[in-house]
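*Asks:*
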Amino acid sequence: MDTPLANGAGNGNGVHAEPETPLDRFDHMCFHAPTCKLVSKSYARMLYNDYKLNPENPVFAEVPAEIKDMDLEKSYSDKTVEKTFMALSKKRFAARVQPSIQVPTMCGNMYCGSVYGSLCALLSNVSSQDLQGKRVGIFSYGSGLASSFFSFRVKGSTEEMHKQIDLQNRLDSRRVVAPEVYDEMCNLRERAHLKKDYSPAGNPDTLFPGTYYLTKVDDLFRREYAIKQ
């Protein structure tokens, strides 16, 4: 979180004319979500960055004095920093981030799709009317090697997106399988790794209509897909 924030990735204004802290420029946040606990820690880290910019802000009146001059490297693993800012950001998190973690909570880590699953959850859990004019921050990263931080302001109705996402029905329609079946699914993926001239096994009948799925990898690793009807 520190680098994109330091580089000005958070520029822009939320609905608040005079935000208490720079964090308030975002009315909502969506994160890449390996675990939801990490999401709450990331949001708290954003507030810590605001503290470093202006430790005299009244919002931070109860922050322990020893944190003010703490070395940056030490702050990464310091439990006092973590607990202090997770507590300070708790109410903001509930209002601004909690609506976006339904998919990560119910589905776990989806890797590159994770942050967009969070965006789908936000669009599904906050009404179009309440989203109008709001600024949404998006933070995603790839294995710690690269990251992207951007934001957008909602203009226009999101009702059609809410309808097409149909999130709750999709979650309710998930298929329950025994752990052994899930293990075999994972083993199948492992056996298929780096294979060419290969047609995947599996039954596409279990997929939602409209889902793109892999049908073939040729001898040059070119991939062919079909759409579930």
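Sequential numbering of the sequence shown, starting at 10, is according to the numbering used here. Glycine is no exception: its CB is placed at the ideal position from the N, C-alpha and C atoms. Keep in mind the model is a prediction, meaning the values are calculated, not measured.
According to DSSP, is Ser-136 part of a helix, a strand, or is it coil?
*Replies:* By one-based count along the sequence shown, residue 136 stands at place 127. Three-state DSSP puts Ser-136 in coil, outside helix and strand.
*Asks:* Return no unless some Cβ of chain D is closer than 9 Å to the Cβ of Ser-137.
*Replies:* Although the question refers to chain D, the structure presented lacks it and comprises just one protein chain.
*Asks:* Should Val-24 be labelled buried (16 or more other beta-carbon atoms within 10 Å of its own) or exposed?
*Replies:* Taking the sequence shown and counting its residues from 1, the one referred to as residue 24 is at position 15. Because Val-24 carries a pLDDT of 47, less than 50, the predicted location of this residue cannot be relied on, and the following value inherits that uncertainty. Under this definition Val-24 is an exposed residue.
*Asks:* Would you kindly report the start and end of the unbroken alpha helix (DSSP H) that includes Thr-93?
*Replies:* In the sequence shown, counting from the first residue as 1, residue 93 sits at position 84. 88-97 is the extent of the alpha helix (DSSP H) around Thr-93.
*Asks:* Determine the DSSP secondary structure at Thr-224, reduced to helix, strand or coil.
*Replies:* Numbered from 1 along the sequence shown, position 215 holds the residue referred to as residue 224. Correct three-state label for Thr-224: strand.
*Asks:* Evaluate Leu-140 with the Cβ neighbour count: other Cβ atoms within 10 Å of its Cβ, from every protein chain shown; 16 or more gives buried, anything less gives exposed.
*Replies:* Residue 140 sits at position 131 when you count from the first residue of the sequence shown. Looking at its Cβ environment, which holds 16 or more other Cβ atoms inside 10 Å, Leu-140 is buried.
*Asks:* Helix, strand or coil: which one does DSSP assign to Ser-149?
*Replies:* Residue mapping note: residue 149 aligns to position 140 of the sequence shown, counting from 1. Here Ser-149 sits in strand by DSSP.
*Asks:* Where Pro-213 and Tyr-221 are concerned, what is the direct C-alpha to C-alpha distance, given to the nearest angstrom?
*Replies:* Along the sequence shown, one-based indexing puts residue 213 at 204. Along the sequence shown, one-based indexing puts residue 221 at 212. Cα to Cα, the separation comes out at about 10 Å.
*Asks:* Starting from Arg-179 and walking both ways along the alpha helix (DSSP H), at which residues does that stretch end?
*Replies:* In the sequence shown, residue 179 corresponds to position 170, counting from 1. Counting along the chain, the alpha helix (DSSP H) containing Arg-179 begins and ends at 176-181.
*Asks:* For Cys-45, which residues of its own chain have a beta-carbon under 6 Å away from its beta-carbon, when the five flanking residues on both sides are left out?
*Replies:* Taking the first residue of the sequence shown as 1, we reach residue 45 at position 36. So the qualifying residues of the chain are Ile-110, Pro-113 and Thr-114.
*Asks:* Is it true that the CB of Cys-39 sits closer than 9 Å to the CB of Leu-131?
*Replies:* Numbered from 1 along the sequence shown, position 122 holds the residue referred to as residue 131. Numbered from 1 along the sequence shown, position 30 holds the residue referred to as residue 39. In this structure, Cys-39 lies closer than 9 Å to Leu-131 by Cβ.
*Asks:* Just checking my contact of Thr-224 with Ala-210 at CB under 8 Å: how many whole Å lie between their CB atoms?
*Replies:* As a position in the sequence shown, residue 224 is number 215, starting the count at 1. As a position in the sequence shown, residue 210 is number 201, starting the count at 1. Rounded, the Cβ-Cβ distance is 11 Å, inconsistent with contact.
*Asks:* Determine which residues share a DSSP beta bridge with Cys-39 and list them.
*Replies:* By one-based count along the sequence shown, residue 39 stands at place 30. For Cys-39, which the question treats as bridged, DSSP gives the partners Ile-147.
*Asks:* Helix, strand or coil for Tyr-191, going by three-state DSSP, please let me know.
*Replies:* The residue labelled residue 191 in the question sits at position 182 within the sequence shown. Correct three-state label for Tyr-191: helix.
*Asks:* For Arg-54, count neighbouring Cβ atoms within 10 angstroms of its own Cβ and tell me buried if that reaches 16, exposed if not.
*Replies:* The residue labelled residue 54 in the question sits at position 45 within the sequence shown. By the neighbour-count rule (16 or more Cβ atoms within 10 Å), Arg-54 is buried.
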